[in-house]
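Below is one structure; the comments refer to it alone.
In our numbering, the protein residues as written are 163 to 463.
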């Protein structure tokens, strides 16, 4: 409940995962024979090997699934159907404590990858090779349809309130726990559903609609002053839609619970409109996002 209340996900150490063969990586291999020979000292090689192993061991992950209806997941990770499932918009989830972190799809296989040599580990592709090994599970777990964030260390990762789209409650949830969740989310832009069992199937019905943005609890200030935040003439010359459309877009963003202020709105050298926005997270820290639009206010990647 604390994580839901304060809008964070906890990234546990990779070493705490429930599958002992998960990410079965191995350092060393034939290429390290040449490194060991070049160093000319077994002790130096062992130090480098330990440094690389320590980096692996410090890594942490946050696991997500593509599906909300995998019954074994409800049994394993949701206290035998008495817990809950959080459904995220991952693009918004990455504006906060997971900013800059890659969301990678888990590969399910029974064959391990070749040993990762220290020279390759230290190369430009080292991080990619590392993440690849941390994103492997045995094929018996393929039903989980897992994606994961691989982060640098264990700990909390805070997110914007609107990153959660839905909370799905299990059919066996304790009524007191259910009431507590409904009260907590009553002033957040999150829809709540509850599961029920019919024969051999489970389905979910809405029991509480998402709170309208205007009525949500504010975390950030939501500051927006068109006369100060929008440098009219330059932007008006750039836009091929009415200027008021941009004003409405900015007002829409300012209504988001965590939105604090606009750090800048203008036209870049590449002739793209940018909105530089700061968001206040429930940790008290700030997250920043820069989004781009074309002259018709279509979002650009």
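Ideal Cβ placement from N, Cα and C applies to all residues, glycine included.
- Of the other Cβ atoms in all chains shown, fewer than 16 fall within 10 Å of the Cβ of residue 164; this residue is therefore exposed.
- For residue 168, there is no enclosing beta strand (DSSP E), as DSSP marks it with neither H nor E.
- The C-alpha of residue 454 lies about 23 Å from the C-alpha of residue 326.
- Taking a cut-off of 8 Å on C-beta distances, the stretch 394-403 does not touch the stretch 357-377, as fewer than three cross pairs fall below it.
- Here residue 247 carries a strand assignment [DSSP, helix/strand/coil].
- Under the 8 Å Cβ criterion, the stretch 341-352 does not count as touching the stretch 423-440, having fewer than three qualifying pairs.
- For residue 367, the pairing in a beta bridge is given by DSSP as 356.
- DSSP, reduced to helix, strand and coil, places residue 431 outside both helices and strands of the structure shown, so it counts as coil.
- Residue 269 is positioned such that its CB atom lies no closer than 9 Å to that of residue 311.
- Counting the other CB atoms within 10 Å of its CB gives residue 390 a total below 16, which places it among the exposed residues.
- A direct Cα-to-Cα measurement between residue 173 and residue 219 gives close to 13 Å.
- Distances from the alpha-carbon of residue 214 to those of 241, 252 and 292 put 292 closest.
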